[in-house]
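Right, one structure below, let's go through it.
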Amino acid sequence: MASWRAAYAEVLPAEFLTRLSVTDRRRAWQERLRTLPDEVTVLVAEEREHVVGFAVTGPSRDRDAGQDTGELQSLYLHPRHWRRGWGSRLHERALRVLSHEGYASITLWVLTANDHARRFYERSGWACLGTTRVDTLGDSGVRVEEVRYRYVPTLP
0 MASWRAAYAE VLPAEFLTRL SVTDRRRAWQ ERLRTLPDEV TVLVAEEREH
50 VVGFAVTGPS RDRDAGQDTG ELQSLYLHPR HWRRGWGSRL HERALRVLSH
100 EGYASITLWV LTANDHARRF YERSGWACLG TTRVDTLGDS GVRVEEVRYR
150 YVPTLP
């Protein structure tokens, strides 16, 4: 929850961020990990046996994507580990996993208002496609606009 609260402090309503529950999130992740499809990979970054971040990769979930399109579904770090290279290393590993799985292109969705994340992805070689969508966060009623990015892996 610390990652969401720090990353989205200027983007999402404060009352929504305050209501986030570690217990609820843990329960949701336990269920998600139990039912995870084989083609989805969860990468975990640890420092001294403590989780500092994670990334989730898999095939694109977009209706307009071909079978050769993968997706970086999420990438989060605890804010104490921001700007220490963890995000870049986790991001690079996620791209390697997707490239190794044979995806010709990779997409991701990021909150349009999340300038910090957008700059990170743009510095890392992602191109903003300009395609947007509006999503609702769980059953909160909070609606957010997201924009799609694309990355094309280079051959080894």
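Each residue of the sequence shown is one higher than the last, beginning at 0 in numbering that gives the first Met the number 0.
Note that beta-carbon positions come from the ideal geometry of N, C-alpha and C, so glycine has one too.
Nearest to Pro152 by alpha-carbon distance, out of Cys127, Phe53, Ser104, is Ser104. For Ala13, the closest of Val21, Arg4, Ser20 by C-alpha to C-alpha distance is Arg4. Put simply, of Gly140, Tyr102, Phe119 the residue whose alpha carbon is nearest the alpha carbon of Gly57 is Tyr102. Within the same chain, no Cβ atom closer than 6 Å to the Cβ of Leu11 is found once the five residues on either side in sequence are excluded. Take Gly86, set aside five residues on each side of it, and the residues of its chain with a beta-carbon closer than 6 Å to its own are Leu76, in chain order.
Following the DSSP letters along the chain, one finds Glu91 inside the alpha helix (DSSP H) bounded by residues 85–99.
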